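In the numbering used here, the protein residues as written are 3 to 274. Glycine residues also receive a C-beta, built at the ideal position from the N, C-alpha and C atoms. It should be emphasised that the depicted structure is a prediction, and the values quoted were computed from it without experimental measurement. Heads up, the thing below is written out as structure tokens.
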Ligand code: ADP
Ligand code: MG
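See below:
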């Protein structure tokens, strides 16, 4: 048995991803409300894509899902976020445990540039209070780099700095780093926006391979990408200065072929 908040021993590979449930989530920056009563279920073992124009609150929503929003000065929120039914904002639940369970990959790859590839992968262990032996770390580095599709390219140069890799490789290193703490959910905020088409396709492939073990929530402006990688989509909109909300959500195929709302149809078909 491991307790949620004390130092834990590295768990074995997970076989089940976790479901995430946002209930009536609202968010403010100072006096300005930017999200209004957003509710969304992100089922375990599926990719949920968040789509919608810039400024409608997708990144804010994503940050709320792993308790990064509360670190922004002046930011406030209301509502609940349940991971496998348990509130990540419950007072007894520490920030490190939420971070361990819910990882994040950003638009701009952000490995620790001077740190070795090896150390980048295991960097999250200490931060989130996971103990691992040298042998476990060696195994983990190979496992996570393999899952992120990077192992073959870097196995002979694990001691080189992460910053020496190409942009696409750096993003895959960031994915490997997120996976090392065995998250139940991986949040990705436009992970391919800064990448070339080949790197983008490799990451999309990685996403589809990973989703069996980790639930994925991805923000993307690329509708073809949303269509290719996601099982479900949620269309966010902030109309005429109102706070952002979800217009419509559902299975990706239905969102693209038979959306219920004309605004969804306009957006997914590029008529926006
Ligand atoms: P999206 O990711 O959909 O483009 P964001 O979540 O980044 O949207 O932004 C939603 C709204 O919140 C925007 O109007 C944006 O200007 C505002 N906003 C985002 N971050 C901050 C911040 N740190 N301080 C103040 N306002 C912010
Ligand atoms: Mg954003």
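Residue i to residue j span [Cα, whole Å]
i           : j           : result
residue 121 : residue 240 : 41 Å
residue 171 : residue 201 : 8 Å
residue 36  : residue 166 : 38 Å
residue 143 : residue 197 : 23 Å
residue 110 : residue 175 : 12 Å
residue 141 : residue 156 : 15 Å
residue 253 : residue 94  : 35 Å
Boundaries of the beta strand (DSSP E) in which residue i is found, first to last residue
i           : result
residue 302 : The first residue shown for the chain is 3 and the last is 274, placing residue 302 beyond what the model contains.
residue 28  : 22 to 31
residue 251 : 247 to 253
residue 191 : 187 to 191
residue 239 : 234 to 239
residue 52  : 49 to 53
residue 217 : 217 to 221
residue 156 : Careful: residue 156 lies outside any beta strand (DSSP E), inside the alpha helix (DSSP H) at 153 to 156.
Exposure of residue i, with buried meaning 16 or more beta-carbon neighbours within 10 Å
i           : result
residue 149 : buried
residue 272 : exposed
residue 191 : buried
residue 34  : exposed
residue 74  : exposed
residue 161 : exposed
residue 214 : exposed
residue 274 : exposed
Residue i in three-state terms, based on DSSP
i           : result
residue 83  : strand
residue 132 : strand
residue 89  : strand
residue 78  : strand
residue 195 : coil
residue 261 : coil
residue 225 : helix
residue 165 : helix
residue 107 : strand
residue 56  : coil
N- and C-terminal bounds of the alpha helix (DSSP H) containing residue i
i           : result
residue 169 : 169 to 181
residue 99  : 97 to 103
Query raised in the report: Is the region 18 to 28 in contact with the region 40 to 56, if contact means three or more CB pairs nearer than 8 Å?
Result: yes
Requested in this report: Assess, as a yes-or-no matter, whether the region 58 to 66 is touched by the region 263 to 272 under the definition of 3 or more beta carbon pairs within less than 8 Å.
Outcome: Touching, no.
**Report entry** Three-pair Cβ contact test at 8 Å for the region 62 to 82 versus the region 26 to 44
**Finding:** Because the criterion of three Cβ pairs below 8 Å is met, the region 62 to 82 and the region 26 to 44 touch.
Query raised in the report: Are the region 133 to 150 and the region 217 to 234 touching by the rule of at least three beta carbon pairs closer than 8 Å?
Result: no
Query raised in the report: Does the count of Cβ pairs from the region 176 to 185 and the region 95 to 108 closer than 8 Å reach three?
Result: yes
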